[in-house]
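Structure record follows, encoded as structure tokens.
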Amino acid sequence: MKVLMILMIFLSFTCSAEELTHDCLYTNNYESARYTIKIVSCCKEGELDCDNVYYEGTKKKDKSFIQLKGKTINDYLSHRFLGYQFQNNDYLYIVQDNSLTIYKKINYYKKIY
125 MKVLMILMIF LSFTCSAEEL THDCLYTNNY ESARYTIKIV SCCKEGELDC
175 DNVYYEGTKK KDKSFIQLKG KTINDYLSHR FLGYQFQNND YLYIVQDNSL
225 TIYKKINYYK KIY
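Terminal number for the sequence shown in this note's numbering: 237, no gaps in between.
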């Protein structure tokens, strides 16, 4: 019982940290033609709205790396999880249905990838 309590305290501490090194419970890896993506979710199980999600992306061409904090995308009428959204200045990254879409803001968001 003590081990379980210590483990629960440890996990709650690491999942609430604002650092970009994460030891959270849920990790998903995605592969696209241009990017390798790791999504780390520090959300509680069953939580519909969550803004404690992290994007770690590597561009295959030049190995450039980016880390972003984001949130889940949900359909509130059906209570369904749809994907993740991450903001980087004028760029909006959407990971949905195992694919990455990147939009650039030019008075509106234009799809660039």
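We put the beta carbon where it would ideally sit given N, CA and C, even for glycine.
Query raised in the report: Which residues in the same chain have their Cβ closer than 6 angstroms to the Cβ of Val-164, if we skip the five residues on either side of it in sequence?
Result: Within the sequence shown, the letter at position 40 stands for residue 164. Within the same chain, Val-164 has close Cβ partners His-146, Cys-148, Thr-151 and Tyr-178.
Query - Per DSSP, cross-strand counterpart(s) of Asp-199 - result: Here residue 199 corresponds to residue number 75 of the sequence shown, with the count starting at 1. Partner(s): Arg-204.
Query raised in the report: Looking at C-alpha atoms only, which residue of Thr-196, Thr-225 and Lys-195 is the closest neighbour of Ser-156?
Result: As a working note, residue 156 is residue 32 in the sequence shown. Nearest option by C-alpha distance: Thr-225.
Query raised in the report: Going along the chain, which residues of its own chain have a beta-carbon closer than 8 angstroms to the beta-carbon of Lys-229, five neighbours each way excluded?
Result: Here residue 229 refers to the residue found at position 105 when the sequence shown is read from its first residue. Cβ neighbours of Lys-229 within its own chain (closer than 8 angstroms, five residues either side excluded): Asp-214, Tyr-215 and Leu-216.
Query raised in the report: For the beta strand (DSSP E) that Ile-161 lies in, which residues bound it at each end?
Result: Locating residue 161 in the sequence shown gives position 37, counting from the first residue. First-last of the beta strand (DSSP E) with Ile-161: 159–165.
**Report entry** Residues near Arg-204 by beta carbon distance below 8 angstroms, same chain, minus five either side
**Finding:** Here residue 204 refers to the residue found at position 80 of the sequence shown. The beta carbon of Arg-204 is closer than 8 angstroms to those of Asn-198 in its chain, skipping five residues each way along the sequence.
Query - Per-residue burial, Tyr-200 [other beta carbons within 10 Å of its own, 16 or more giving buried] - result: By one-based count along the sequence shown, residue 200 stands at place 76. By the neighbour-count rule (16 or more Cβ atoms within 10 Å), Tyr-200 is not buried but exposed.
Query raised in the report: Would you report the Cα separation of Gln-191 and Ile-236, rounded to the nearest angstrom?
Result: One-based indexing of the sequence shown puts residue 191 at position 67. One-based indexing of the sequence shown puts residue 236 at position 112. Cα-Cα distance, rounded: 19 angstroms.
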